[in-house]
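Numbering-wise (this note's numbering), the sequence shown opens with residue -14 and increments by one. Glycine residues also receive a C-beta, built at the ideal position from the N, C-alpha and C atoms. Note that the structure is a prediction, hence the values are computed from the model and not measured. Have a look at the structure below before the remarks.
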Amino acid sequence: RAAHPGLQLKLLDMPIAAVIRAVADGDTDLALAYDVPDTTVLRTLFSSEWPIGAVVPPDHPLTARATTTLADCVGFALILPAAALSLRTILDGAFGRSAIGVSPIVETTSTALMRKLVAQRQGVALLNRLDIEEDLRAGTLVFVPLRDAGLQPQRLSLVARPGNGPSPAAGLLAAQVIDCLEEALVR
-14 RAAHPGLQLK LLDMPIAAVI RAVADGDTDL ALAYDVPDTT VLRTLFSSEW
36 PIGAVVPPDH PLTARATTTL ADCVGFALIL PAAALSLRTI LDGAFGRSAI
86 GVSPIVETTS TALMRKLVAQ RQGVALLNRL DIEEDLRAGT LVFVPLRDAG
136 LQPQRLSLVA RPGNGPSPAA GLLAAQVIDC LEEALVR
């Protein structure tokens, strides 16, 4: 803020259709969202793929494996993203292809709540690696990648309106976001 006085940053959590509309209509300069559909009303500035895995405490039995499967995970209490999140669509498709029935103990749109419940040993969450990056660095949670056939990673995209590019302030923010994501990708 000291380097850019007067700059205002608003961080909003919105459904993907609202994100697309806000950028396309010029209500926001940038959006960072998972699994953005292909559309001509947005320009992708950066995108990255994030594998999905089981999120568990460091002493959980799944940590003995380099990778795991959805079938392995259903033997534990599951904490899943709610249907409003694109990750749930990916997971539901994978469960369906594997003919695995699932009854989560918790469904939520809050990844923070999911992480907290896992840390309290209430169950196993299914998230992407970026969702728990802070916990991985702290050593409080472990990410065990899922190896199920056909399970696609989540694609995170930084988007803007097509045209002349973002404003100078939005361009600075975009560069910082891209730097942070590129750094997280190599960890």
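Are the region 137 to 146 and the region 25 to 43 touching, with three or more C-beta to C-beta distances below 8 Å?
The region 137 to 146, when compared against the region 25 to 43, does touch it at the 8 Å Cβ threshold.
Tell me Glu34's beta-bridge partners as DSSP assigns them.
According to DSSP, residue pairing for Glu34 in a beta bridge involves Arg140.
Taking buried to mean at least 16 other C-beta atoms within 10 Å of its own C-beta, is Leu(-8) buried or exposed?
Burial call: exposed.
Please report the distance separating the alpha-carbon of Leu17 from that of Thr24.
Straight through space, the alpha carbons of Thr24 and Leu17 are spaced by roughly 15 Å.
Classify Ile90: buried if its beta carbon has 16 or more other beta carbons within 10 angstroms, exposed otherwise.
Of the residues assessed, Ile90 falls on the exposed side of the cut-off, its CB having fewer than 16 other CB atoms within 10 angstroms.
Verify whether the separation of the beta carbon atoms of Leu15 and Leu143 is less than 8 Å.
Yes; because the gap between Cβ atoms is below 8 Å, this pair is in contact.
Beta-carbon proximity list for Ser83, same chain, < 7 Å, skipping 5 on both sides:
Counting only Cβ-Cβ distances below 7 Å, and skipping sequence neighbours, we find Leu55, Ala56, Asp133.
Could you tell me the boundaries of the beta strand (DSSP E) in which Val109 lies?
For Val109, the enclosing beta strand (DSSP E) begins and ends at 109 to 113.
Between Ala9 and Val26, which are expected to be in contact by the criterion C-beta below 8 Å, what is the C-beta distance as a whole number of angstroms?
Confirmed, Cβ separation roughly 4 Å.
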